[in-house]
Amino acid sequence: MPQTGEERCVICQEAITNPICPDCLHREIEQWLLDKNKSLVPKLRSYTWIFGMFRHEGTGCVICGSDMQVCAHCYCSDIHELLRDELGQEDADDFLFSFNFELDREAG
Ligand SMILES: [Zn+2]
Ligand SMILES: [Zn+2]
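Quick note, the sequence shown lines up with residues 1 to 108 if you use my numbering.
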């Protein structure tokens with residue numbers, strides 16, 4: 001059962017230590033994507049919209065103050081999965097480098 005009083009990501013159940021909401025991350029990633037592959041921007045937008053549905057009372061984003069319940073790690077790793085094949089290996093690696101929200105951390 002989830003503990004009350006501690007905000008956890010609804011996907012990975014980790015405490016949200018770096019609260020940046022999907023909307024704010026989306027803006028950063030969209031800018032990056034405009035450089036790399038504009039045609040993927042609509043796909044990114046529709047995916048971020050899905051993440052918006054997770055939003056309810058939880059942790060406030062450090063940038064815009066919106067409530068959020070999905071950590072930056074889960075959002076970025078899902079976007080990476082979503083775009084990886086179409087970006088190609090080189091740009092997918094650049095994504096990880098540019099949006100490295102502990103995506104390469106060891107489990108545990
Ligand atoms: Zn998470
Ligand atoms: Zn935000």
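Note that CB positions come from ideal geometry on N, CA and C, so glycine has one too.
For residue i, the nearest candidate out of the options (CA to CA)
i          : options           : result
residue 39 : 86, 48, 58 and 23 : 86
residue 52 : 66, 96 and 98     : 66
residue 77 : 100, 10 and 64    : 100
residue 79 : 62, 35 and 43     : 43
residue 23 : 7, 10, 50 and 16  : 50
residue 61 : 12, 10, 11 and 16 : 16
residue 14 : 63, 69 and 28     : 69
Per DSSP, cross-strand counterpart(s) of residue i
i          : result
residue 59 : 68
residue 8  : 15
Distance cut-off 8 Å: residue i Cβ against heavy atoms of ligand 2
i          : result
residue 65 : yes
residue 23 : yes
residue 20 : yes
Coil, strand or helix - residue i by DSSP
i          : result
residue 20 : coil
residue 99 : coil
residue 88 : coil
Residue i Cβ short of 8 Å to ligand 1 heavy atom set
i          : result
residue 62 : no
residue 11 : yes
Any non-hydrogen atom of ligand 4 closer than 8 Å to residue i Cβ
i          : result
residue 53 : No copy of ligand 4 occurs in the structure displayed; its ligands are ligand 1 and ligand 2 alone.
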